[in-house]
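To start, the structure itself, in structure tokens.
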Amino acid sequence: MQISVGHPLLPLEEAVSLSEDRLDGMGSSHLVAGRCEFEDEIIKNLDHEVEGGRGDEEYKHLFESILLKHCRINQHLEKQGETFVALVTGLLARLLDYRTVMNDENQAHSMSCTVNLLNFYKDIDREEMYIRYLYKLRDLHLFYENFTEAAFTLLLHAKLLKWADDQFASHIQDFQGFQTQRQLKENLYNKIIEYFDKGKMWEEAIHLCKELAEQYEMQVFDYELLSETLQRQAKFYEKIMNVLRPKPDYFAIGYNGQSFPTFIRVRISFYFAKECALFSLRVKDAL
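With the working numbering as the guide, the letters of the sequence shown map in order to residues 58 to 344.
Below is the structure:
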């Protein structure tokens, strides 16, 4: 099939050609780094193009054939080319699913597609994209007022950071106003504590308060922040003692049958019921 000038695959094919040219001009000592750069360019371009509204099933098949062609004619890409093509074709399928449900009112579908993508990026060690979709998932949880889930989602990013004055990696420079990993991690912990407070998961908030308090007392010697954190922690203990919380309910829903989208089919999802939420309404929403 011939690709016209206006075809949505053209920008991606140009990116492949440019990456090939760079690899051809590299010495052998730089080929491994060059190949990683090539793969990163393809993945970022693919994510950008699909999110921008381009691509469908035809796109996916053409994309696979074009990338295979370029890998097979370039000696630097041929060896691991087919493995990489299979990887990015799987990514494309997930991106198309994600775009399909991006504005879907069905909470379960939106969550499932977002989780599929962030786990995919985690598995292939693309931290920048993994973090990007962590925040998309966090935003979804906040939209549905799932504050506890939003807290645990943001905690996944915080755990990637160190309590150190190291500079950010280049791919997380978007967090303006913070110079070091310690500053960003501290900021994230405070947000997470706020989310746990709103979700009435004060035990989890206390764990993070203790970790912050240890940093203020033993590492940075900021006794003013230590005092504020301990007072905050004490209030959470008071809430645990004085605020009546309904016993949390959990339930599981299985998605079996061809009528379900592929991204949730043959899967069991576990749900945390909100306070006073009717089980039947949650089941209806999940379906």
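Just so you know, even glycine gets a beta-carbon here, dropped at the ideal spot from N, CA and C. Computed from a prediction, not measured in an experiment: that's the story for all the values here.
(request) Count the other C-beta atoms from every protein chain shown that fall within 10 angstroms of the C-beta of G112, then say buried if there are 16 or more, exposed otherwise. (result) buried
(request) Pull up the distance between the alpha-carbon of Q236 and that of F225, whole angstroms please. (result) 7 Å
(message) On the DSSP letters alone, give me the boundaries of the alpha helix (DSSP H) that Y433 sits inside.
(response) With the chain covering 58 to 344 only, the question about residue 433 has no answer from this structure.
(message) Among L199, D222, S169, W220, whose alpha-carbon lies nearest the alpha-carbon of L211?
(response) The shortest C-alpha separation from L211 is found at L199.
(request) Put Y116 into one of helix, strand or coil per three-state DSSP. (result) helix
(message) Rounded to whole angstroms, what is the Cα-Cα separation between Y187 and E121?
(response) 23 Å
(request) Just mark T140 as buried or exposed, buried being the case when its beta carbon has 16 or more other beta carbons within 10 Å. (result) exposed
(request) Going by CA-CA distance only, name the one from R195, L149, E94, H166 that's closest to E106. (result) L149
(request) At 4 residues or longer, and completely inside the stretch 239 to 303: list those alpha helix (DSSP H) runs for me, N to C. (result) 259 to 271, 280 to 299
(request) Taking the CB atoms as reference points, tell me whether K219 and Q238 lie closer together than 8 Å. (result) yes
(message) Suppose contacts are defined by Cβ-Cβ distances below 8 Å. Is Y273 in contact with L283 by that definition?
(response) yes
(request) State yes or no: is the C-beta of Y252 within less than 8 Å of the C-beta of A208? (result) yes
(request) Under 8 Å by Cβ, that's how I've got F204 and K248 pegged, so tell me the actual separation to the nearest angstrom. (result) About 11 Å; that fails the 8 Å criterion.
(request) Please name the residue in N160, F278, C170 whose C-alpha comes closest to that of R151. (result) When only C-alpha atoms are compared, the closest one is C170.
(message) Tell me which residue opens and which closes the alpha helix (DSSP H) that D196 is part of.
(response) 184 to 200
(message) With the cut-off set at 8 Å, would you say L213 and L191 are in Cβ contact?
(response) yes
(message) Taking the beta carbon of K242 as the centre, do at least 16 other beta carbons fall within 10 Å, making it buried, or is it exposed?
(response) buried
(message) Between the alpha carbons of E295 and E281, how many angstroms are there, rounded?
(response) 21 Å
(message) Less than 7 Å between C-beta atoms, sequence neighbours within five positions excluded: which residues of the same chain meet that for Q276?
(response) The beta carbon of Q276 is closer than 7 Å to those of W220 in its chain, skipping five residues each way along the sequence.
(message) If you reduce the DSSP assignment to three classes, tell me which class F317 lands in.
(response) Note: F317 maps to coil in three-state DSSP.
(request) Please report how far the alpha carbon of K257 lies from the alpha carbon of K216, in whole angstroms. (result) Each residue's alpha carbon lies about 22 Å from the other.
(request) Compute the distance between the beta-carbons of I181 and L144, then report whether it is under 8 Å. (result) yes
(request) Have a look at the DSSP bridge pairing and note the partners of I325. (result) G311
(request) May I ask which residues mark the beginning and end of the alpha helix (DSSP H) holding L212? (result) 204 to 215
(message) Let's test the definition: count the other Cβ atoms within 10 Å of the Cβ of H118 and tell me whether it reaches 16, buried, or not, exposed.
(response) exposed
(message) On the criterion of 16 or more Cβ atoms from any shown chain inside 10 Å, does Q315 qualify as buried, or is it exposed?
(response) exposed
(message) Quick check: what's the CA-CA separation for E261 versus E271?
(response) 16 Å
(request) State the DSSP-derived secondary structure class of Q224, mapped to helix, strand or coil. (result) strand
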